[in-house]
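Chemist: Here it is, the structure, as structure tokens.
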Amino acid sequence: MPTQQTAHADPTHVGNNMYQLMRELYPFCRSITGNGNRKTLEIIKQHIPLVVHEVPTGTQVFDWQVPKEWNITDAYIKNGKGERIVDFRKSNLHVLNYSMPVKKKVSLAELKQHVFAMPEHPDWIPYRTSYYKEQWAFCMTYNQLSQLTEQEYEVCVDSTLKDGHLTYGEYHIPGETPDRVLISSHICHPSICNDNLSGIVLNACLAKHLSRLSPRYSYTFLFVPGTIGPITWLARNETLAARIKHGLVAACVGDGGNFNYKRSRRGNDEIDRAVIHVLKHSGRDYQVWDYVPTGYDERQYCSPGFNLPVGCLMRTPNGMYPEYHSSADNLDLVRPEFLAESFSMYTAVLDVIEKNKIYVNQNPKCEPQLGKRGLYALVGGQGDRKLQETAVLWVLNLSDGEHSLLDIAEQSGLRFDVISEAADVLLQHDLLKEILG
Amino acid sequence: MPTQQTAHADPTHVGNNMYQLMRELYPFCRSITGNGNRKTLEIIKQHIPLVVHEVPTGTQVFDWQVPKEWNITDAYIKNGKGERIVDFRKSNLHVLNYSMPVKKKVSLAELKQHVFAMPEHPDWIPYRTSYYKEQWAFCMTYNQLSQLTEQEYEVCVDSTLKDGHLTYGEYHIPGETPDRVLISSHICHPSICNDNLSGIVLNACLAKHLSRLSPRYSYTFLFVPGTIGPITWLARNETLAARIKHGLVAACVGDGGNFNYKRSRRGNDEIDRAVIHVLKHSGRDYQVWDYVPTGYDERQYCSPGFNLPVGCLMRTPNGMYPEYHSSADNLDLVRPEFLAESFSMYTAVLDVIEKNKIYVNQNPKCEPQLGKRGLYALVGGQGDRKLQETAVLWVLNLSDGEHSLLDIAEQSGLRFDVISEAADVLLQHDLLKEILG
Amino acid sequence: MPTQQTAHADPTHVGNNMYQLMRELYPFCRSITGNGNRKTLEIIKQHIPLVVHEVPTGTQVFDWQVPKEWNITDAYIKNGKGERIVDFRKSNLHVLNYSMPVKKKVSLAELKQHVFAMPEHPDWIPYRTSYYKEQWAFCMTYNQLSQLTEQEYEVCVDSTLKDGHLTYGEYHIPGETPDRVLISSHICHPSICNDNLSGIVLNACLAKHLSRLSPRYSYTFLFVPGTIGPITWLARNETLAARIKHGLVAACVGDGGNFNYKRSRRGNDEIDRAVIHVLKHSGRDYQVWDYVPTGYDERQYCSPGFNLPVGCLMRTPNGMYPEYHSSADNLDLVRPEFLAESFSMYTAVLDVIEKNKIYVNQNPKCEPQLGKRGLYALVGGQGDRKLQETAVLWVLNLSDGEHSLLDIAEQSGLRFDVISEAADVLLQHDLLKEILG
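Written out as structure tokens, the structure is:
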């Protein structure tokens, strides 16, 4: 069982490790399929013994089919002089993700019909995708677009779109119970840091961290392309999915914004309460959002046929920071110390989940005599009372078989770890007994 | 089934029709019984095929008996010179409604014991009744009262109070289901416009409007004298009353004030939620009141032995505008455009009630692939999403057999009609199936 | 059954009686055992026929044992000149309550290790106890402590701590039903007025007051030392405890502060709602606190093995006034008029509890005709309605077998006594019938 001590590794060290891993993963051109994802998972495999799955194109997964595999080696726009004025080698965002191959001469007018740009941020390249409609296009800065003159251009996307596989990684840690905690991150974005290299590296570090402990719950760490990834995984793991008792989608955890938690569809399940408890006692501003059916892969986990208790703990949410889905979501936006804070937040949440048990007071009629057990001040009348003494009284009073430690923490207003330690002390004195919830 | 299109007739046209009908009905001296009510119902019958019921005096209706029938032809107070200084022919409010007949000479002192006036509004004649205590009296302006001098007066109320009938009108529209919607208006006030010629004409126009549609619910439109009217109707229609699933008392709907909704005794039944949803999205200020056992005929529908889900949707509530129960509640206070707005509000509420069904997502495990059905943007990553796309996701996510469309509208914060249209689209693609709630 | 009239005795008279009794009880050196408690109960016995119980030392009461009995006859500190510089005869607070006997010469340094003082209030003697750790000590003002010079002192505590008894008093009033109301006050504090002679005298006066009535509920009035007292009583009265339907711990009811109510562990039981209703309509500021497992003897009554609906109605709560647990909590802090207000508050609460029944409307379908029974204004249309008429309508509308009179008072916003009187009138007209809740 992870203890408060082991759960909190050195933040600077952890932050630097996460950032270093992110730097390694940054250059690959990820998508919902393809070699960029394979390379990403191979590198993660150097840290945790990930199992990498390859699911063939055309495999039926619920209402969907695994799409053709997309790979790309080069892409550019050349001007009349043969100069690469837009170059995939400079940024993989320059190509519409999943763009069809193309190589031809086009007029400025035709070219413009195949270009995305962001007039509101003229220096940034937007990130755009077209997974399910076959088309070719480029993304460029608005400044680049503005400077295009009337001439003939050569456009080239050296990509392939053919039968292959969808690739995802998973890592399981067995626990004392088959009940399971899921941490899921999407891996389909190319060179974009906060969305979602930050979630990927947090997920990997959490997995590594948990692998060193002997947790109560079993854990599943998923590295999947967005939407089609969790759909594929759920289709292949329905039985296992039914064991998921708590889950989080890890995304956008590397910027410096406040924490934001989007509740699971269930709204106030244990994972929701655990996250909100930790945020409340974090001393930081934070925001909690009700479930909505838009967002990340919680959309699939929380679809009505599964309705798993999976929330999403982010810093600045998707779409709410200007750099979102652009080349400005880069290695400067995400910082090691922000990643470290997110890691601490996640481990604190998992600590609550791990330790949140239901106990029954073994001396339920009146208070037990705490003084003779050394659990109570011996001079009375002074009016003040130590926090731990108060916590002991709360645990005794509410351990009636209907309140978990998290319930007691919430009702008392005390931190979960203070309540949890009080329960440990009472357990040592045989004043509590665990029951199965 | 009424659609949004058919439900919204041209407002100006509707408002003018309602106002015109109100002008026709204004002069009659209505009460809880009598010929004024018969004439009123006869005119309404020109618009909708009302069934007019006559219930004999003395008929036991629960704890009550149908009272004697009251009719009046003339009334006046003459001064010493024989001049009519108070004249029923000028305003039927001048006579205490249900006044006993009288014809005699009285001193000023005696006269004053039989006079009601409103010192706070010296130009207005108050409206007063005495249905269940036999007495005679006049109502006059405070100015009139102040000018009375010491002399002998002749008072005359040429009324009759004898065995007869209580008259009420009802109109039924059969629907797909025997479950029933009730719209009830009191018809017992004489020449008073907002309270409640406005409710009467709204009720009649709603009935005419619904008669042109093929509604899901059956409808009952009631035109009854206050208190004794619904008591009589309920006593004679207990079986039918048990089928009422939603109801509104229509009263005070012609002034220019904000809308006010008084909840049914059940507090948050479907009718309450439908009205509040429509008000919330109306872009207007409004107020919602908890149920209280004072007010209009919802008092009877919501008595504990019935406890029907009947609320009261008004503009300025009874007793909360200065002209209430006086001669100033007249054809100037009520305007066609206010009546038209009320009509729109009522039809919007009925539209919600009609379309509020429960569907089940036929592809509940993960999202269905909306793109291949043309229900989803094909270029991803742009961060904005069309309202209709969001609505489709909400309907899919919450159509688990436990959420009606109104539930989904409330939870999503979207307008009911947006949600309802999304459901229609999904039905067309066989992604939803209706279940009976 | 107590009526509103009998329930409210003359406040000045009641306040003076309570204050006089407090003066008599003030000098005794009470503790959790001993003769001070016996003398206290003897004096209360002059007012109500208290049964005094003596429970031998060593008796097992749940997890506790009845401690040795402590008695004290004298205590002092003498300076080198043989002068009593600290004298138990001047204030029994000077001795650590339950201090071991001692008689010896000590240096200043040693003496200081056995002294408690309050630097923040240099003129006050603190009140300190050591029930379960055997030690000797004195309490003195900080000024006294500061003036001690380097010399030899003689310390003497002429106390005994040996096998004996724990003494408590109880008084039962049988009611129509064996269901029981508990009022409990702790008697273990020596010469301290608000905490808790105020509670003791209020408890005694309430008992005397109730003894003159024929209440619906049975009543138990308890005068017990804190903590070990209710534990002993509960251990010896488990069957009777199970009949307790409502209870209050009476403490700190004599100062001039606002009322404070600490809810029972159940949170919103009938006693909680009754107290809060009375406070809400009192026209005074007040505060309501959620249950916490610290405080007075509600800690034992509300332990999870009992979970009795026992709250604590105080004025300024324990620990929240500066004089708390010091010699300044004396006959000046508590005043007759404050005691009288507390008495009125408690009797008003008991009045609600006594009269809070569930009735069923005998004419549930539509309103009964109130006019023919003289319960309704006979001239209609005036727009205002008497409070009692409104109350009658509320009682009729909500008397469906699911709402008690307190429910109706809360839902209507009317005072409980107005609702209760309306119910009485309706009972007289056979329009209501009591059912057992």
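Residue numbers (this note's numbering), protein chains in the order written: chain A, 736 to 1172; chain B, 736 to 1172; chain C, 736 to 1172.
Think of the CB as a built atom: it goes at the ideal place given N, C-alpha and C, for glycine as much as any other residue.
Would you tell me roughly how many angstroms separate the C-alpha atoms of C/V749 and C/L1074, rounded to the nearest one?
Modeler: Taking the first residue of the third sequence as position 1, residue 749 of chain C is located at position 14. Taking the first residue of the third sequence as position 1, residue 1074 of chain C is located at position 339. C-alpha separation (whole angstroms): 8 Å.
Chemist: Which bits of chain B does C/P1099 rub up against, with CB to CB less than 7 Å?
Modeler: Within the third sequence, the letter at position 364 stands for residue 1099 of chain C. S1038, P1039, G1040, listed in chain order.
Chemist: Would you call the region 1128 to 1139 of chain A in contact with the region 1084 to 1094 of chain A, where contact means no fewer than 3 C-beta pairs closer than 8 Å?
Modeler: Judged by Cβ distances under 8 Å, the region 1128 to 1139 of chain A makes contact with the region 1084 to 1094 of chain A, as three or more pairs qualify.
Chemist: By the DSSP assignment, the beta strand (DSSP E) with C/C1047 in it spans what residues?
Modeler: Here residue 1047 of chain C refers to the residue found at position 312 of the third sequence. It spans 1045 to 1049 - the beta strand (DSSP E) in which C/C1047 sits, taken as one unbroken run.
Chemist: Excluding the five sequence neighbours on either side, which residues of its own chain have a C-beta within less than 7 Å of the C-beta of C/H1012, listed in chain order?
Modeler: The count along the third sequence starts at 1 and reaches residue 1012 of chain C at position 277. Excluding positions up to five away in sequence, the list reads V1087, L1141, A1144, E1145, F1151.
Chemist: Within 8 Å (strictly less), CB to CB, does C/I966 reach chain A?
Modeler: For the purposes of this step, residue 966 of chain C is taken as the residue at position 231 of the third sequence. It does: the Cβ of C/I966 has a partner Cβ on chain A nearer than 8 Å.
Chemist: With C/T902 as the anchor, note down where its beta strand (DSSP E) starts and where it stops.
Modeler: Residue mapping note: residue 902 of chain C aligns to position 167 of the third sequence, counting from 1. Taken as a continuous stretch (DSSP letters only), the beta strand (DSSP E) holding C/T902 covers 900 to 908.
Chemist: Quick one: Cα of B/K997 to Cα of B/D745, how far?
Modeler: For the purposes of this step, residue 997 of chain B is identified with residue 262 of the second sequence, where counting begins at 1. For the purposes of this step, residue 745 of chain B is identified with residue 10 of the second sequence, where counting begins at 1. B/K997 and B/D745: Cα-Cα distance of roughly 28 Å.
Chemist: Taking just the CA atoms, how far does B/L1161 sit from B/Q1104?
Modeler: Along the second sequence, read from residue 1 onward, the residue named residue 1104 of chain B stands at position 369. Along the second sequence, read from residue 1 onward, the residue named residue 1161 of chain B stands at position 426. The alpha-carbon atoms of B/Q1104 and B/L1161 are separated by roughly 12 Å.
Chemist: Under 8 Å, Cβ to Cβ, is there at least one residue of chain C near B/D824?
Modeler: Start at 1 with the first residue of the second sequence, and residue 824 of chain B comes out as number 89. Checking the displayed sequence, the identity of residue 824 of chain B turns out to be Arg instead of Asp. No - not a single Cβ of chain C is within 8 Å of the one on B/R824.
Chemist: Is the Cβ of A/Y867 closer than 8 Å to any Cβ of chain B?
Modeler: As a working note, residue 867 of chain A is residue 132 in the first sequence. Closer than 8 Å: yes.
Chemist: Spell out the partners DSSP gives B/Y1021 in its beta bridges.
Modeler: In the second sequence, counting from the first residue as 1, residue 1021 of chain B sits at position 286. Answer is B/F994, bridged to B/Y1021.
Chemist: Using three-state DSSP, classify A/Y811 as helix, strand or coil.
Modeler: Taking the first residue of the first sequence as 1, we reach residue 811 of chain A at position 76. Strand.
Chemist: Inspect the CB distances between the region 1062 to 1071 of chain B and the region 749 to 767 of chain B and report whether three or more fall short of 8 Å.
Modeler: Contact between the region 1062 to 1071 of chain B and the region 749 to 767 of chain B is present, because at least three Cβ pairs lie under 8 Å.
Chemist: Please classify A/P1052: does DSSP put it in a helix, a strand, or coil?
Modeler: Within the first sequence, residue 1052 of chain A is the residue found at index 317, counting from 1. A/P1052 falls in the coil class under three-state DSSP.
Chemist: Taking 8 Å as the CB-CB limit, is A/N993 close to chain C?
Modeler: Sequence index remark: in the first sequence, residue 993 of chain A carries index 258 (1-based). With 8 Å as the cut-off, A/N993 does not count as an interface residue toward chain C.
Chemist: Would you identify the three-state DSSP class for A/K1015, choosing helix, strand or coil?
Modeler: Locating residue 1015 of chain A in the first sequence gives position 280, counting from the first residue. A/K1015: helix per DSSP, three-state reduction.
Chemist: Can you give me the C-alpha to C-alpha distance between B/L1171 and B/H782, rounded to a whole angstrom?
Modeler: To locate residue 1171 of chain B, count along the second sequence from 1; it is residue 436. To locate residue 782 of chain B, count along the second sequence from 1; it is residue 47. Roughly 35 Å between the two C-alpha positions.
Chemist: What separation, rounded to the nearest whole angstrom, lies between the Cα atoms of A/G961 and A/C923?
Modeler: The count along the first sequence starts at 1 and reaches residue 961 of chain A at position 226. The count along the first sequence starts at 1 and reaches residue 923 of chain A at position 188. Going from the Cα of A/G961 to the Cα of A/C923 covers about 6 Å.
Chemist: When the Cα of B/D1064 is compared with those of B/M1080, B/T1029, B/W859, which residue comes out closest?
Modeler: Residue mapping note: residue 1064 of chain B aligns to position 329 of the second sequence, counting from 1. The residue with the shortest Cα to Cα distance from B/D1064 is B/W859.
Chemist: Could you check what DSSP says for C/T738 in three-state terms: helix, strand or coil?
Modeler: The residue labelled residue 738 of chain C in the question sits at position 3 within the third sequence. Reliability of the predicted coordinates at C/T738 is poor, the pLDDT of 39 falling under 50, and the value obtained from them is presented with this limitation in mind. Looking at C/T738 - three-state DSSP - the assignment turns out to be coil, as it is neither helix nor strand.
Chemist: Whole angstroms is fine: what's the gap from B/E855's alpha carbon to B/V959's?
Modeler: The residue labelled residue 855 of chain B in the question sits at position 120 within the second sequence. The residue labelled residue 959 of chain B in the question sits at position 224 within the second sequence. Taking the straight line from one Cα to the other gives about 31 Å.
Chemist: With 8 Å set as the bound, which would you pick, yes or no: does the beta-carbon of A/W805 sit closer than that to a beta-carbon of chain B?
Modeler: Taking the first residue of the first sequence as 1, we reach residue 805 of chain A at position 70. Not one chain B Cβ lies under 8 Å of A/W805.
Chemist: Count the other C-beta atoms from every protein chain shown that fall within 10 angstroms of the C-beta of B/V715, then say buried if there are 16 or more, exposed otherwise.
Modeler: With chain B covering only 736 through 1172, there is no way to say anything about residue 715 of chain B.
Chemist: By DSSP, does B/D822 sit in helix, in strand, or in coil?
Modeler: As a working mapping, residue 822 of chain B is identified with position 87 in the second sequence. In this structure, B/D822 counts as strand in the three-state DSSP scheme.
Chemist: Taking 8 Å as the CB-CB cut-off, is C/R1050 touching chain A?
Modeler: Against the third sequence, residue 1050 of chain C aligns to sequence position 315. No - not a single Cβ of chain A is within 8 Å of the one on C/R1050.
Chemist: Closest to A/L896 by CA distance: which of A/G769, A/H921, A/G1040, A/N1132 is it?
Modeler: Numbered from 1 along the first sequence, position 161 holds the residue referred to as residue 896 of chain A. If we check each option's Cα against that of A/L896, A/G769 comes out closest.
Chemist: Compute the Euclidean distance between the alpha carbons of C/A844 and C/R947, then round it to the nearest angstrom.
Modeler: The residue you call residue 844 of chain C lines up with position 109 of the third sequence. The residue you call residue 947 of chain C lines up with position 212 of the third sequence. Using only the alpha carbons, I get a separation of about 59 Å.
Chemist: How long is the line joining the alpha carbons of B/Q1163 and B/A939, rounded to whole angstroms?
Modeler: Translated into the one-based positions of the second sequence, residue 1163 of chain B becomes position 428. Translated into the one-based positions of the second sequence, residue 939 of chain B becomes position 204. Taking the straight line from one Cα to the other gives about 36 Å.
Chemist: Which residues share a DSSP beta bridge with B/I918?
Modeler: Taking the second sequence and counting its residues from 1, one reaches residue 918 of chain B at position 183. DSSP lists B/F956, B/L983 as partners of B/I918.
Chemist: Do the CB positions of B/M875 and B/V850 come within less than 8 Å of each other?
Modeler: Locating residue 875 of chain B in the second sequence gives position 140, counting from the first residue. Locating residue 850 of chain B in the second sequence gives position 115, counting from the first residue. Cβ atoms of B/M875 and B/V850: closer than 8 Å.
Chemist: Between B/E1058 and the rest of its own chain, which residues show a CB-CB distance below 6 Å, the 5 nearest in sequence each way excluded?
Modeler: The residue given as residue 1058 of chain B occupies position 323 in the second sequence. D1064, L1068.
Chemist: Give the interface partners of B/R1034 over in chain C, defined as CB-CB distance under 9 Å, in chain order.
Modeler: Counted from its first residue, the second sequence places residue 1034 of chain B at position 299. In chain order: C1101, E1102, L1128, N1132.
Chemist: Taking just the CA atoms, how far does C/A1158 sit from C/K1168?
Modeler: Translated into positions along the third sequence, residue 1168 of chain C becomes position 433. Translated into positions along the third sequence, residue 1158 of chain C becomes position 423. One C-alpha to the other measures close to 10 Å.
Chemist: Should C/D1020 be flagged as near chain B, meaning a C-beta pair shorter than 8 Å?
Modeler: Along the third sequence, one-based indexing puts residue 1020 of chain C at 285. Not an interface residue.
Chemist: Would you kindly work out how many angstroms separate the C-alpha atoms of A/R1001 and A/N1042, rounded to a whole number?
Modeler: Mapped onto the first sequence, residue 1001 of chain A falls at position 266. Mapped onto the first sequence, residue 1042 of chain A falls at position 307. One C-alpha to the other measures close to 7 Å.
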